[in-house]
Amino acid sequence: MTALTKLSQAIKDAPRWHQEDQFQNPSEIKIIPLKNEALGAEVWGLDARKAQSGETIYKLKQALAENLILIFKNQILDDAQYLAFASYFGPIFRPTADNPVLGYQAETGTPPDVVPVSNGVYQGDYTGHSELSPHADHQWTPQPSFGSLLYAIQLPQNGGQTTWYNTIKAYDALDNETKRQIDKLQLITYNPFVRAQTNKGWNSNKTEMPLYRFKDQPILGHAYAHPLVRTHPETGRKALWLNTRTEVELVNYDDQNGSQLIAQLREHILKPEFQYEHHWQAGDIVFWDNQVTLHSRKAFPSEQKRLLKRISLAGGRPY
Ligand code: OGA
Ligand code: MN
Numbered sequence: 025m026t027a028l029t030k031l032s033q034a035i036k037d038a039p040r041w042h043q044e045d046q047f048q049n050p051s052e053i054k055i056i057p058l059k060n061e062a063l064g065a066e067v068w069g070l071d072a073r074k075a076q077s078g079e080t081i082y083k084l085k086q087a088l089a090e091n092l093i094l095i096f097k098n099q100i101l102d103d104a105q106y107l108a109f110a111s112y113f114g115p116i117f118r119p120t121a122d123n124p125v126l127g128y129q130a131e132t133g134t135p136p137d138v139v140p141v142s143n144g145v146y147q148g149d150y151t152g153h154s155e156l157s158p159h160a161d162h163q164w165t166p167q168p169s170f171g172s173l174l175y176a177i178q179l180p181q182n183g184g185q186t187t188w189y190n191t192i193k194a195y196d197a198l199d200n201e202t203k204r205q206i207d208k209l210q211l212i213t214y215n216p217f218v219r220a221q222t223n224k225g226w227n228s229n230k231t232e233m234p235l236y237r238f239k240d241q242p243i244l245g246h247a248y249a250h251p252l253v254r255t256h257p258e259t260g261r262k263a264l265w266l267n268t269r270t271e272v273e274l275v276n277y278d279d280q281n282g283s284q285l286i287a288q289l290r291e292h293i294l295k296p297e298f299q300y301e302h303h304w305q306a307g308d309i310v311f312w313d314n315q316v317t318l319h320s321r322k323a324f325p326s327e328q329k330r331l332l333k334r335i336s337l338a339g340g341r342p343y
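Right under this line is the structure:
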């Protein structure tokens with residue numbers, strides 16, 4: 025028999041409902057929406073190592089669709105326990121090597137199921153310590169992940185906050201004329217990792233990254249057109265599906281008008297009323313809906329170590 029993957033082993037070893045001391049009583053869990061913030065709810069009293077009831081997972085899924093990010097407080101997990109918890113919410117995102125993503129390994133072209141996001145050299149130093157501009161994960165792939173979890177293990181004293189953007193609110197706030205103009209447009213988001221391979225030493229905040237592909241410029245990597253305005257699968261709400269910093273292109277659209285429209289929408293998304301800035305505490309797990317949010321990160325001093333672990337969940341083709 026073949027050896028089990030870490031994920032199969034984790035689910036095999038996870039606690040079961042009949043183990044009373046490891047079963048999470050749903051009545052102990054409190055979900056509290058953040059006050060006066062554009063999105064987010066805190067989840068208290070849940071121990072992600074325990075076996076969860078159907079009622080709990082169903083409630084959490086509903087709360088995620090409603091609040092777009094869930095912040096689980098006070099967690100202590102190893103990778104196996106983290107995988108077992110995350111997989112209650114859907115299959116793990118396992119991209120293929122034809123579309124490189126954060127954490128992809130040189131040998132396989134694909135990332136591990138648990139991606140260390142850290143500035144520790146050779147410990148997942150994929151994102152370094154600098155600012156990360158607002159983005160949705162894996163947007164350049166044919167099936168971007170539906171959601172991701174980040175678990176904070178070690179944090180810097182200064183900086184390193186992560187901000188999430190509610191792109192449903194950003195869409196809703198557009199005037200009707202703009203909505204009509206963009207409702208049926210398709211957008212290609214080019215793969216920044218292919219850009220990085222092509223242009224060694226590139227990083228997302230340097231100017232070598234074009235913001236828009238004009239038709240006389242080469243196409244880097246595979247291009248997948250997705251709707252610019254996507255529909256949330258559970259709530260039916262519409263959201264802008266546009267990051268603010270990487271190379272994009274509207275399909276079948278004039279270069280000049282297209283790049284101007286995208287620049288206007290990007291400026292709009294960045295308005296403070298659509299944002300929530302998370303100040304991490306060790307033990308936080310933030311679980312976000314990647315379909316209708318963006319996220320960014322503030323820089324922090326390179327000599328201060330920051331370690332978070334990320335699990336992404338598979339998603340479908342955007343519509
Ligand atoms: C990510 C990411 C932000 C952060 O892991 O996808 O964007 O705060 N991380 O490290
Ligand atoms: Mn990200």
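Okay, so the sequence shown: first residue is 25 according to the numbering used here, each after it adds one. Every residue, glycine too, gets a C-beta built ideally from N, C-alpha and C.
With respect to 8 Å, is the separation between the Cβ of D308 and the closest non-hydrogen atom of the ligand MN below this value?
For D308, the shortest C-beta to heavy atom distance toward the ligand MN is 8 Å or greater.
Closer than 8 Å is the cut-off here; do at least three beta carbon pairs connect the segment 245–254 with the segment 160–167?
Per the Cβ contact rule, the segment 245–254 is in contact with the segment 160–167 (3 or more Cβ pairs under 8 Å).
Which same chain residues, not among the five before or five after D71, have their C-beta less than 8 Å away from its C-beta?
Counting only Cβ-Cβ distances below 8 Å, and skipping sequence neighbours, we find Q48, Q99.
Starting from W164, follow its DSSP beta bridges and name the residues at the other end.
In the DSSP assignment, W164 is bridged to no other residue.
Do you know offhand how far D103's Cα is from L28's?
Answer to the nearest angstrom: the Cα atoms are 15 Å apart.
Would you list the one or two residues that DSSP bridges to Y236?
Under DSSP, Y236 shares a beta bridge with V272.
DSSP three-state assignment for F109, whether helix, strand or coil:
The answer is helix: DSSP assigns F109 an H, G or I state.
Determine whether the beta carbon atoms of E273 and R219 lie at a separation below 9 Å.
Inclusion of E273 and R219 in the CB contact set at 9 Å is not warranted, their separation being larger than that value.
Where does R204 land, buried or exposed, given buried means 16+ other C-beta within 10 angstroms?
Residue environment analysis places R204 among the exposed positions, since fewer than 16 neighbouring C-beta atoms fall within 10 angstroms of its C-beta.
In its own chain, which residues sit with a C-beta less than 7 Å from the C-beta of Y343, not counting the 5 before and 5 after it?
Closer than 7 Å at Cβ, skipping near neighbours: P251, R254, T255.
Evaluate the contact criterion for the segment 112–123 versus the segment 134–142: three or more CB pairs, one atom per stretch, below 8 Å.
Yes: the two stretches touch, three or more of their Cβ pairs being nearer than 8 Å.
By the 10 Å Cβ neighbour count, where 16 or more other Cβ atoms means buried, how is A336 classified, buried or exposed?
Checking the sequence shown, residue 336 turns out to be Ser, not Ala. Buried is the call here.
Does DSSP put V310 in a helix, in a strand, or in coil?
The three-state reading of DSSP puts V310 in strand, counting E and B together.
Tell me the rounded alpha-carbon separation between E201 and Y189.
Straight-line spacing of the CA atoms in E201 and Y189 works out to 23 Å.
Relative to the alpha-carbon of K85, which residue among L126, D313, L332 has its alpha-carbon at the smallest distance?
When each option's Cα is compared against that of K85, the closest is D313.
In this structure, does DSSP put L101 in helix, strand or coil?
L101 falls in the coil class under three-state DSSP.
Cβ atoms of A62 and K193: under 9 Å apart, would you say?
K193 is a Cβ neighbour of A62, given a cutoff of 9 Å.
In this structure, how does DSSP classify A89 when only helix, strand and coil are distinguished?
Here A89 sits in helix by DSSP.
From A306 to K295, what distance separates their C-alpha atoms?
In a straight line, the C-alpha of A306 is about 28 Å away from that of K295.
CB L179 to CB R330, shorter than 9 Å?
Using a Cβ distance threshold of 9 Å, L179 and R330 count as a contacting pair.
DSSP state of S228, grouped into three classes?
Unreliable placement is indicated for S228, whose pLDDT of 49 sits below 50; the coordinate value is still reported in the next sentence. The three-state secondary structure of S228, taken from DSSP, is coil.
For the ligand MN, is there a heavy atom less than 8 Å away from the beta-carbon of H302?
Within the chosen limit of 8 Å, the ligand MN does not reach the beta carbon of H302 with any heavy atom.
What are the boundary residues of the alpha helix (DSSP H) that includes Q33?
Q33 -> alpha helix (DSSP H) spans 30–37.
Distance CB(I35)-CB(L107) smaller than 9 Å:
Cβ distance < 9 Å, so I35 and L107 count as in contact.
If we count the other Cβ atoms within 10 Å of its Cβ and call it buried at 16 or more, is N229 buried or exposed?
Low per-residue confidence applies at N229: pLDDT is 47, beneath 50, and the placement is therefore not dependable, though the value from the model is reported in the following sentence. Its Cβ having fewer than 16 others within 10 Å, N229 is exposed.
Who are the Cβ neighbours of L174 in its own chain at under 6 Å, not counting the five residues just before and after it?
Cβ within range, chain order: V310, L332, R334.
Quick one: grab the DSSP three-state call for K329.
Coil at K329, not helix or strand.
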